[in-house]
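**Q** Keeping their order, the protein sequence lines are chains A and B.
My numbering numbers the first residue of the first sequence as 70 and each following residue consecutively.
My numbering numbers the first residue of the second sequence as 70 and each following residue consecutively.
By construction, the Cβ of each residue, glycine as well, lies at the ideal position given by its N, Cα and C atoms.
Protein chains: 2
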Amino acid sequence: MKYTAKITIALKEGMLDPEARAIQHALANLGFSTGSLSTARVFYITLDAENKEAAQAVAEQMCERLLANPVIHRYEVEVGA
Amino acid sequence: MKYTAKITIALKEGMLDPEARAIQHALANLGFSTGSLSTARVFYITLDAENKEAAQAVAEQMCERLLANPVIHRYEVEVGA
Numbered sequence: 070m071k072y073t074a075k076i077t078i079a080l081k082e083g084m085l086d087p088e089a090r091a092i093q094h095a096l097a098n099l100g101f102s103t104g105s106l107s108t109a110r111v112f113y114i115t116l117d118a119e120n121k122e123a124a125q126a127v128a129e130q131m132c133e134r135l136l137a138n139p140v141i142h143r144y145e146v147e148v149g150a
Numbered sequence: 070m071k072y073t074a075k076i077t078i079a080l081k082e083g084m085l086d087p088e089a090r091a092i093q094h095a096l097a098n099l100g101f102s103t104g105s106l107s108t109a110r111v112f113y114i115t116l117d118a119e120n121k122e123a124a125q126a127v128a129e130q131m132c133e134r135l136l137a138n139p140v141i142h143r144y145e146v147e148v149g150a
């Protein structure tokens, strides 16, 4: 069956995020003041699997092996129909 | 009052996404076959605003003026407490 996995990958708490700081600075230059700003990357992946649990497991393997760097990233997988 | 805006920015339908194709190819090389793969960028921004509607409007302005390229991107703003 076909499933869609939504994978969100973000830096772990406490990791420096220079890109976010640069964006915050650029927003400030345009007059937008922000308290905090963090970023994440989302992947929407459709895949074939026997059931929802199998789809979840495959998506987590994708994170471990390619999409995320487990040293610096945390990830979250949500599988929908 | 403080609000948190979650801003999701993705390519418009029909735009070529070479990065997504490269990731799909890399996953295939690892033995993960995927039907489709698309990516999005998420920004979590905390900001001060008078009310939720004002926070939403400010976040949308940030998209229009800096975060998104309206020619190629679509964006979605969700404001929470």
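#1: For B:A124, does the count of other Cβ atoms within 10 angstroms reach 16, so buried, or fall short, so exposed?
#2: If distances are taken between C-alpha atoms only, which option among A:L85, A:V127, A:R110 comes closest to A:D117?
#3: Going along the stretch 116 to 127 of chain B in order, which residues come within less than 8 angstroms of chain A, judged by CB to CB distance?
#4: Taking C-beta pairs closer than 8 angstroms, name the residues in chain B that A:K71 reaches, listed in chain order.
#5: Quick check on the DSSP output: the beta strand (DSSP E) that includes A:V148 runs from which residue to which?
#6: Following the continuous beta strand (DSSP E) through B:L80, name the residue where it begins and the one where it ends.
#7: Determine, using beta carbons only, whether A:V140 and A:E129 come nearer to each other than 8 angstroms.
#8: Is the beta carbon of B:R143 closer than 8 angstroms to that of B:A79?
#9: Buried or exposed: A:M131, going by 16 or more other Cβ atoms within 10 Å of its Cβ?
#10: I'd like to know if A:V111 contacts chain B, where contact means its C-beta is closer than 8 angstroms to some C-beta of that chain.
**A** The short version:
#1: B:A124 should be labelled buried.
#2: Relative to the Cα of A:D117, the nearest Cα in the group A:L85, A:V127, A:R110 belongs to A:V127.
#3: Residues of the stretch 116 to 127 of chain B that bring their beta carbon within less than 8 angstroms of a beta carbon in chain A comprise L116, D117, V127, in sequence order.
#4: In chain order: G104.
#5: Residue range 142 to 149 is occupied by the beta strand (DSSP E) that includes A:V148.
#6: In the DSSP assignment, B:L80 falls within the unbroken beta strand (DSSP E) covering 71 to 80.
#7: No, the pair does not count as a contact, with Cβ atoms beyond the cut-off.
#8: Taking 8 angstroms as the Cβ cut-off, B:A79 and B:R143 qualify as a contacting pair.
#9: A:M131 should be labelled buried.
#10: At least one chain B Cβ lies under 8 angstroms of A:V111.
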